[in-house]
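The structure under discussion appears below in the form of structure tokens.
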Amino acid sequence: MATNNSAKFRKHTASKNVSTGANTVKTAVVKEEVKTQDSASFASGITMSVEELKDRIVHHLHTSIGTSTQKASKLAWWQAVVATINEFIFERLTQTQYTNAQKDSRAVHYLSAEFLMGRLTVNNLCNLDLYERIKDALAALGKDINEICDEEPDMALGNGGLGRLAACFIDSLATLNYPSVGYGIHYENGLFRQEIREGRQVERPDSWREYGCPWEVCRPESVQNVPIGGYVEEQQAPDGAMRKVWHPAHVIKGVPWDIPVVGFRGSSITVLRLWESRATESFNWDVFNAGGYVDAQEEKASAEAISKVLYPNDSTEAGKMLRLTQQYFFCACSLRDILRRYNRAHHHDYGKFAAKNIVQLNDTHPVVAIPELMRLLVDEEGVSWDVAWSIVQQCFAYTNHTLLPEALEKWPVYLFERLLPRHLEIIYEINYRFLNGEVEARWPGRDDIKAKLSIIEEGPCRQIRMAHLAVITSSRVNGVAAIHSKLVKENLFPEFAQLWPNKFCNVTNGVTPRRWLLACNKGLAELYNEVSGKDWPLKLELCRKMADYADDEAFQKRFMQVKLANKEALATKIKQLTSIDVNPRSMFDVQVKRLHEYKRQHLNLLYILYLYRQLLANPQLKIVPQTFIFGAKAAPAYSLAKDIIYAINAVGERINNDHRIANQIKVVFLPNYRVSLAEVIIPAADISEQISTAGYEASGTSNMKFSMNGALTLGTMDGANIEIVEEAGVENNFIFGLSVQEVQDLKSRGYNSWDYYNSNPDLKAVLDWLDTDYFTPNNPGALSSIKRSLLDGGDPFLVLADFASYVQAHERAQELYKDQKAWARAAIINSATMGKFSSDRSIQDYVNNVWNIKSIDVITGVK
């Protein structure tokens with residue numbers, strides 16, 4: 007129901023229009039009474055009062071945690087809260103699984119090497135409509151819900167956008183009631199915990215479940231045994247047919263841990279099943295008794311290394327072997343699990359397998375699942391090759407996330423020979439039939455095209471192209487933004503697109519509004535409740551109603567008060583983590599994402615240096631005060647990325663302590679960027695830096711989160727930026743730089759970064775500054791690697807070509823920020839027009855165009 011406060015800014019008439027760029031929203035009189043469903047009684051059925059919930063928390067504190075209210079720590083209180091919530095979650099999980107089994111509908115199995123879940127407490131409370139009641143229950147017990155929830159560690163199960171996307175998709179699958187399971191790896195340490203020492207990144211283990219995780223449950227009844235290594239033997243079967251028998255050198259045990267994922271309003275519960283690797287025999291008594299006290303646990307240590315760390319450093323031979331083993335391990339466990347459930351219902355009759363199962367490959371990491379399913383069907387289940395291949399082609403779909411060649415995985419053939427000899431034979435057979443079938447029929451005698459399309463890349467070290475294997479096999483191949491999907495067809499896989507033009511499609515990424523607005527930005531969520539009703543987290547397009555108030559001064563004021571409160575909270579967090587004082591009324595310019603050259607954090611750094619030089623050169627210059635906020639992790643072996651982190655910190659140290667510029671610029675690098683930190687940063691941002699070289703960012707998802715929370719995009723026409731601007735209007739954002747076509751044209755003509763260096767005095771001065779010891783006293787040249795990469799290294803991502811345009815975009819941003827009413831209007835429109843970018847819409851696109859699955863009502867079981 008609308009509050010009286012909302013009446014103060016509801017002044018518009020049906021004749022007034024608000025420009026939203028690509029769309030013009032005609033306002034209508036919004037009634038004071040907003041009809042919504044009662045979320046407490048909708049689906050979840052949780053009717054407990056605050057007093058009852060308080061009793062349940064104390065009960066679990068006593069009986070589940072084994073402590074008292076007098077001596078319980080904050081950690082114990084959090085565990086008691088989780089135990090209370092789990093009563094509702096596991097009851098609904100049982101209902102969901104029973105209903106799905108009864109209906110026996112097609113299910114999607116989402117295979118991903120990453121699921122960046124973050125924290126679950128607040129998210130689950132919001133989705134169950136329990137947040138306010140638990141908050142009040144804890145308050146009655148003298149506890150602050152924020153302090154209690156801060157005890158929860160982030161689940162360290164991913165790196166960045168890929169893993170966070172997978173987490174959003176699992177949330178949406180649960181919310182929309184689609185039968186589904188997420189499959190991944192139960193990493194002990196995840197990526198790494200980042201520390202900053204003397205300005206440099208230091209990697210430390212992120213032991214997120216050192217004391218256990220109360221959200222997860224182990225399922226020993228579903229343990230899988232996975233073979234690896236060894237050799238393949240050809241044997242004659244009793245019927246005279248020849249069959250292949252794999253004699254593995256080792257068997258690894260896969261132990262499943264289930265994390266329930268709660269749909270909005272408890273609509274259904276989807277399971278995220280993560281596999282932990284263990285040795286089949288974890289301790290050798292004979293070796294131990296013979297004096298080999300360390301060697302006795304060698305097998306255990308070797309097996310456990312598989313699920314120890316996300317993305318082991320594959321710059322070494324051992325690292326490559328571990329990473330391939332890791333990928334195969336979780337794919338093999340997952341497929342055996344899928345087969346186990348199917349056979350339980352269908353008694354090894356594979357006639358309906360493809361009709362009941364679809365497997366989505368999230369990037370190339372799980373593509374080894376393709377030969378593994380062929381092996382299971384042909385070698386272990388006795389299915390003929392042709393029937394098995396037909397099943398496999400119908401079962402798999404592949405999402406491409408990158409156009410970067412180094413990110414399209416290739417594995418040396420010799421590694422497969424050593425680790426997966428039977429799979430190599432299967433890949434050879436798939437490749438032979440493909441090249442001498444479809445390719446020969448389409449391009450007869452064209453060995454050049456066969457070489458280009460072959461799964462096997464010839465060369466000094468023969469390699470298996472995993473993306474080629476995925477495209478050849480999958481029923482559908484999708485990119486993750488309109489421009490990216492176009493480039494996948496035209497630039498990355500043009501011959502495949504000619505061969506199968508209907509195989510390729512687009513599914514633009516999305517993010518869940520439950521976590522990325524409702525749970526993390528409660529002030530803005532309350533405004534949406536008033537304007538759009540309480541169903542907007544389920545139907546994000548309802549938020550467009552807020553654009554009707556973009557010119558309303560009273561509403562602008564409330565919107566900006568919410569933003570200021572979020573900025574004050576972030577300023578407090580910055581002080582806590584870095585000891586840097588920042589002005590919440592300054593313009594918060596934010597770039598938080600994985601550190602990579604194509605994302606161009608160093609372009610941002612060059613602009614900061616440019617602005618700093620302007621202030622030093624003109625002591626009377628007054629600019630809009632700006633706080634530049636970075637958060638990023640660099641891969642441990644990526645030396646230039648780590649140098650950029652060091653440069654940001656070194657430059658920030660000098661600028662933040664230079665009294666000559668009167669605090670008009672502050673530079674902050676927040677260590678150990680993760681989901682829980684993002685939930686504080688994103689609602690506070692004024693500027694969202696999305697500055698990748700056009701044509702290199704597949705989609706992006708942080709761009710959607712920032713816009714949804716009222717930040718203006720300063721970015722290139724790349725990835726989903728293009729679609730965001732189409733919705734929110736180019737006039738409400740700051741677009742700069744070369745287009746995709748201009749990037750291609752410039753590179754084809756021959757790009758020379760020295761031309762830009764020599765022709766732009768400001769740019770030259772900034773780059774030369776990096777060679778001095780101005781930012782690194784007594785250590786000249788400590789930042790020179792960045793300059794060398796841009797000049798001697800050829801500037802592969804066109805940082806210098808876009809620099810002048812980038813400066814101009816920042817100048818436009820400063821001008822608009824001076825007019826706070828105009829800024830508020832643009833921010834409101836950005837937030838209001840993000841309905842397209844809900845992960846619910848993404849999942850519905852997958853359902854309609856890729857998966858062909860049906861939603862099931864968990865309560866009634868009705869499709």
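Taken in order, the sequence shown gives residues 7 to 869; the numbers are from our numbering. Even glycine gets a Cβ: it sits at the ideal position worked out from N, Cα and C.
Expected contact under 8 Å - CB spacing of Thr-719 and Phe-740 to nearest Å = The sequence position of residue 719 within the sequence shown is 713, counting from 1. The sequence position of residue 740 within the sequence shown is 734, counting from 1. Yes, Thr-719 and Phe-740 are in contact; Cβ-Cβ is about 7 Å, under 8 Å.
With a CB to CB cut of under 6 Å and the five nearest residues on each side skipped, what residues in its chain are close to Leu-498?
-> Here residue 498 corresponds to residue number 492 of the sequence shown, with the count starting at 1. Closer than 6 Å at Cβ, skipping near neighbours: Leu-409.
How many Å lie between Glu-435 and Trp-391 at the Cα?
-> Here the question's residue 435 lines up with position 429 in the sequence shown. Here the question's residue 391 lines up with position 385 in the sequence shown. Roughly 10 Å between the two C-alpha positions.
Does DSSP put Lys-551 in a helix, in a strand, or in coil?
-> Translated into positions along the sequence shown, residue 551 becomes position 545. Of the three classes helix, strand and coil, the one that applies to Lys-551 here is helix, per DSSP.
Thinking C-alpha only, which one of Phe-335, Glu-695, Phe-502 and Val-232 is nearest Phe-440?
-> Here residue 440 refers to the residue found at position 434 when the sequence shown is read from its first residue. For the residues Phe-335, Glu-695, Phe-502 and Val-232, the minimum Cα distance to Phe-440 belongs to Phe-502.
Would you decide whether Trp-542 is buried or exposed? Buried here means 16 or more other CB atoms lie within 10 Å of its CB.
-> Counting from one through the sequence shown, the residue named residue 542 turns up at place 536. It is buried - the Cβ of Trp-542 has at least 16 other Cβ atoms within 10 Å.
Residue ranges of each beta strand (DSSP E) within the segment 467 to 543, 3 or longer = 469 to 471, 482 to 485 and 510 to 512
Leaving out five residues on either side along the sequence, give the residues of the same chain with a beta carbon under 7 Å from the beta carbon of Ile-862.
-> As a working note, residue 862 is residue 856 in the sequence shown. Around Ile-862: Thr-105, Asn-106, Lys-109, Ser-111, Asn-183, Pro-185 and Lys-869.
Excluding five sequence neighbours on each side, which residues of the same chain lie with their C-beta closer than 6 Å to the C-beta of Arg-98?
-> Position 92 of the sequence shown, counted from the first residue, corresponds to residue 98. Taken in chain order, the residues that qualify are Gly-272 and Ile-275.
Residue of Arg-591, Glu-733 and Ala-656 minimising C-alpha distance to Leu-553 | Taking the first residue of the sequence shown as position 1, residue 553 is located at position 547. Contrary to the premise, residue 553 reads as Ala rather than Leu in this sequence. Nearest of Arg-591, Glu-733 and Ala-656 to Ala-553, Cα basis: Glu-733.
Is it the case that the Cβ atoms of Ala-487 and Gly-725 are separated by a distance below 8 Å?
-> Within the sequence shown, the letter at position 481 stands for residue 487. Within the sequence shown, the letter at position 719 stands for residue 725. The answer is yes: Cβ separation under 8 Å.
Beta-bridge pairing of Glu-463 - partner residues as DSSP gives them | Position 457 of the sequence shown, counting from 1, holds the residue named residue 463. Note: Glu-463 sits in a beta bridge opposite Gln-469.
Closest by C-alpha distance to Ile-234, when choosing among Ile-202, Ser-213, Ser-283 and Ala-571 = Translated into the one-based positions of the sequence shown, residue 234 becomes position 228. The shortest Cα separation from Ile-234 among Ile-202, Ser-213, Ser-283 and Ala-571 belongs to Ser-283.
Status (buried if at least 16 other CB within 10 Å, exposed otherwise) for Gln-632 = Stepping through the sequence shown from its first residue, residue 632 is reached at position 626. The residue in question, Gln-632, is buried, as its Cβ has 16 or more Cβ neighbours within 10 Å.
CB-CB under 6 Å to Asp-44, same chain, minus the five flanking residues each way: which ones, in chain order?
-> The count along the sequence shown starts at 1 and reaches residue 44 at position 38. Confidence in Asp-44 is poor, its pLDDT being 37 and thus under 50, which makes the residue's placement unreliable; the coordinate value appears in the next sentence. Result list for Asp-44: empty, nothing under 6 Å.
Is it the case that the Cβ atoms of Cys-337 and Ile-364 are separated by a distance below 8 Å?
-> Translated into the one-based positions of the sequence shown, residue 337 becomes position 331. Translated into the one-based positions of the sequence shown, residue 364 becomes position 358. For Cys-337 and Ile-364, no; Cβs fall outside 8 Å.
Between which two residues does the alpha helix (DSSP H) carrying Val-419 extend?
-> Within the sequence shown, residue 419 is the residue found at index 413, counting from 1. Val-419 -> alpha helix (DSSP H) spans 419 to 425.
Option nearest Glu-412 by Cα separation, candidates Ala-447, Gly-637, Thr-370 and Glu-423 | What you label residue 412 is simply residue 406 of the sequence shown in a count that begins at 1. Measuring from the Cα of Glu-412, the nearest candidate turns out to be Thr-370.
Got a sec: is the Cβ-Cβ distance from Asp-774 to anything in chain C below 8 Å?
-> Judged by its chain identifiers, the structure shown contains no chain C, having just a single protein chain.
Taking all protein chains shown into account, do 16 or more other C-beta atoms lie within 10 angstroms of the C-beta of Gly-246, making it buried, or fewer, making it exposed?
-> Counting from 1 along the sequence shown, the entry for residue 246 is found at position 240. Result: exposed.
Enumerate in chain order the residues of its own chain whose CB-to-CB distance from Gln-820 is below 7 Å, with the five nearest sequence positions on each side excluded.
-> Residue numbering aside, residue 820 sits at position 814 when the sequence shown is read from its first letter. Once the five neighbours on either side are set aside, the close Cβ partners of Gln-820 are Ile-629 and Val-630.
Reference Glu-240, options Trp-252, Gln-230, Val-229 and Val-232, closest by Cα | As a working note, residue 240 is residue 234 in the sequence shown. When only C-alpha atoms are compared, the closest one is Trp-252.
In the DSSP assignment, find the alpha helix (DSSP H) that holds Phe-742 and state where it starts and stops.
-> In the sequence shown, counting from the first residue as 1, residue 742 sits at position 736. Here Phe-742 belongs to no alpha helix (DSSP H), and DSSP marks it neither H nor E.
Opposing strand residues paired with Lys-250 [DSSP bridges] | Counting from 1 along the sequence shown, the entry for residue 250 is found at position 244. Beta-bridge pairing links Lys-250 to Glu-240.
Start and end of the alpha helix (DSSP H) containing Asn-572?
-> By one-based count along the sequence shown, residue 572 stands at place 566. Note, Asn-572: alpha helix (DSSP H), 559 to 584.
Between which two residues does the beta strand (DSSP E) containing Val-681 stretch?
-> For the purposes of this step, residue 681 is taken as residue 675 along the sequence shown, with counting starting at 1. Here Val-681 belongs to no beta strand (DSSP E); instead the alpha helix (DSSP H) covers 681 to 687.
Grouping DSSP H, G and I as helix and E and B as strand, with all else coil, what is Cys-224?
-> Position 218 of the sequence shown, counted from the start, is the residue given in the question as residue 224. In this structure, Cys-224 counts as strand in the three-state DSSP scheme.
The alpha helix (DSSP H) spanning Gly-388 covers which residue range?
-> Residue 388 sits at position 382 when you count from the first residue of the sequence shown. No alpha helix (DSSP H) contains Gly-388, which DSSP labels as neither H nor E.
Quick one: residues in its chain with C-beta nearer than 7 Å to the C-beta of Pro-590, no 5 flanking neighbours on either side, listed in chain order?
-> As a first step, residue 590 is located in the sequence shown; it is residue number 584 there, counting from the start. Excluding sequence neighbours, Pro-590 sits near Leu-570, Lys-573, Glu-574 and Ala-577.
Hey, how far is the Cα of Lys-579 from the Cα of Arg-847?
-> For the purposes of this step, residue 579 is taken as the residue at position 573 of the sequence shown. For the purposes of this step, residue 847 is taken as the residue at position 841 of the sequence shown. Taking the straight line joining both Cα atoms gives about 33 Å.
Apart from the five residues just before and just after Gly-516, which ones in its own chain have a Cβ nearer than 6 Å to its Cβ?
-> Counted from its first residue, the sequence shown places residue 516 at position 510. Cβ neighbours of Gly-516 beyond the five flanking positions: Phe-843, Ser-844, Ser-845, Arg-847 and Ser-848.
Would you tell me roughly how many angstroms separate the C-alpha atoms of Val-537 and Lys-551, rounded to the nearest one?
-> Stepping through the sequence shown from its first residue, residue 537 is reached at position 531. Stepping through the sequence shown from its first residue, residue 551 is reached at position 545. Going by the C-alpha atoms only, they are around 7 Å apart.
Does the segment 157 to 176 come within contact of the segment 816 to 834, defined as at least 3 CB pairs closer than 8 Å?
-> no
At least three beta-carbon pairs within less than 8 Å, the segment 690 to 702 to the segment 168 to 180 | no
What number of angstroms, rounded off, separates the C-alpha of Asp-177 from the C-alpha of Ser-74?
-> Mapped onto the sequence shown, residue 177 falls at position 171. Mapped onto the sequence shown, residue 74 falls at position 68. Looking at the two C-alpha atoms, the distance is approximately 35 Å.
Would you call the segment 222 to 236 and the segment 256 to 267 touching, i.e. three or more CB-CB distances under 8 Å?
-> yes
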